[in-house]
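Residue numbers (my numbering): 101 to 409.
Laid out in structure tokens, this is it:
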């Protein structure tokens, strides 16, 4: 998949128009694949929306409207970027659910080493303490704390990272101009000032039933691993664990989750799934995951040098 230093306005507008119009009902994942293969959103637009279709007024104005939106977004307090830009998070490019565009407030780091801490919005005090302590442990390791800004476990993880002067990233299930849940308005602004708030939805998009599973898939892809602290049978954390396995990302389940949910029990023994009874065990699993990643990077470099020599 090609990457550009900065997508010009014409290309960015064509990508936005493709996503908004979705010619012939094409899925956005397929738009990502077509544009990624060709390296040009405008070329894909011209192929899918030939001039003969411009008798349709909506199609005729789509590019103009998209260009106007892109220009307006460039003047906003947030940053708009596409999957072809260099500042796009590298790890999001390697999955089927690659968000075509993202909007973010704060400082982006394309090669960030982050770990997701996820769990129930109605978590008890033990789960909240586990999330907060683990977040501080990640900060001590110079790792980024990744969560979804939801009430409960997510909030505990974000706040603990901030209190420890660490970096935290919030992947939200709404547009970047929205605040959800409302009580986390101040927390979202604080994360934007010191870390990163990231959205894959149009800036004014409200939360929907579909947006949060999509957010969980993006969190899974962005991070190196997912730690599920507390979750029920139908929790969004369950969705993220499933997506993480599909993405080839390790999953760490607390023993409580593994023993109290059917889906948790079903994951035990699967490749890349670890159990942790304590924060210390979870931290040890994370150290192991990153040591394996470092070793793989060393082997890849050695093979690359051997091939070039």
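Glycine included, C-beta positions come from ideal geometry on N, C-alpha and C.
Please classify residue 368 as buried or exposed, where buried requires at least 16 neighbouring CB atoms within 10 angstroms. Counting from one through the chain shown, the residue named residue 368 turns up at place 268. Classification of residue 368: exposed, given that the 10 Å Cβ count is below 16.
Whose C-beta lies closer than 6 Å to the C-beta of residue 134 among residues of the same chain, with five residues either side of it excluded? Residue 134 sits at position 34 when you count from the first residue of the chain shown. Only 144 meet the Cβ criterion.
According to DSSP, is residue 228 part of a helix, a strand, or is it coil? In the chain shown, residue 228 corresponds to position 128, counting from 1. If DSSP states are grouped into helix, strand and coil, residue 228 belongs with the helices.
Taking C-alpha atoms, which residue in 394, 358, 395 and 391 lies nearest to residue 377? Here the question's residue 377 lines up with position 277 in the chain shown. Minimum Cα-Cα distance from residue 377 among the listed residues 394, 358, 395 and 391 corresponds to 358.
Measure the beta-carbon distance from residue 320 to residue 349 and round it to whole angstroms, keeping in mind my assumption that it falls under 8 Å. If you number the chain shown from 1, residue 320 lands on position 220. If you number the chain shown from 1, residue 349 lands on position 249. The C-beta separation of residue 320 from residue 349 comes to about 6 Å, placing the pair in contact by the 8 Å criterion.
Bridge partners - residue 299, DSSP secondary structure assignment: Looking up residue 299 in the chain shown gives position 199. Per DSSP, 203.
Beta-carbon proximity list for residue 128, same chain, < 8 Å, skipping 5 on both sides: In the chain shown, counting from the first residue as 1, residue 128 sits at position 28. Apart from sequence neighbours up to five positions away, the residues of its chain that approach residue 128 with a beta-carbon distance below 8 Å are 119, 122 and 200, ordered along the chain.
Suppose contacts are defined by Cβ-Cβ distances below 7 Å. Is residue 298 in contact with residue 188 by that definition? Numbered from its first residue, the chain shown carries residue 298 at position 198. Numbered from its first residue, the chain shown carries residue 188 at position 88. Cβ atoms of residue 298 and residue 188: not closer than 7 Å.
Pick from 304, 287 and 302: whose alpha carbon is nearest that of residue 296? As a position in the chain shown, residue 296 is number 196, starting the count at 1. The candidate whose alpha carbon is nearest that of residue 296 is 287.
Residue 327 versus 151, 292, 245 and 162, residue with shortest Cα-Cα distance: Start at 1 with the first residue of the chain shown, and residue 327 comes out as number 227. By alpha-carbon distance to residue 327, the top candidate from 151, 292, 245 and 162 is 245.
Excluding five sequence neighbours on each side, which residues of the same chain lie with their C-beta closer than 6 Å to the C-beta of residue 212? Within the chain shown, the letter at position 112 stands for residue 212. Answer for residue 212: 244, listed in chain order.
In terms of residue numbering, what span does the beta strand (DSSP E) encompassing residue 328 cover? Here residue 328 refers to the residue found at position 228 of the chain shown. Note, residue 328: beta strand (DSSP E), 325 to 330.
Given a threshold of 16 other Cβ atoms within 10 Å of its Cβ, counted over all protein chains shown, does residue 114 qualify as buried or as exposed? Your numbering for residue 114 matches position 14 in the chain shown. Burial call: buried.
In the structure shown, what three-state DSSP assignment does residue 393 receive? Stepping through the chain shown from its first residue, residue 393 is reached at position 293. In this structure, residue 393 counts as helix in the three-state DSSP scheme.
Given 8 Å, three or more beta-carbon pairs between the stretch 228 to 245 and the stretch 274 to 283: Below 8 Å, too few C-beta pairs join the stretch 228 to 245 and the stretch 274 to 283 to call them touching: fewer than three.
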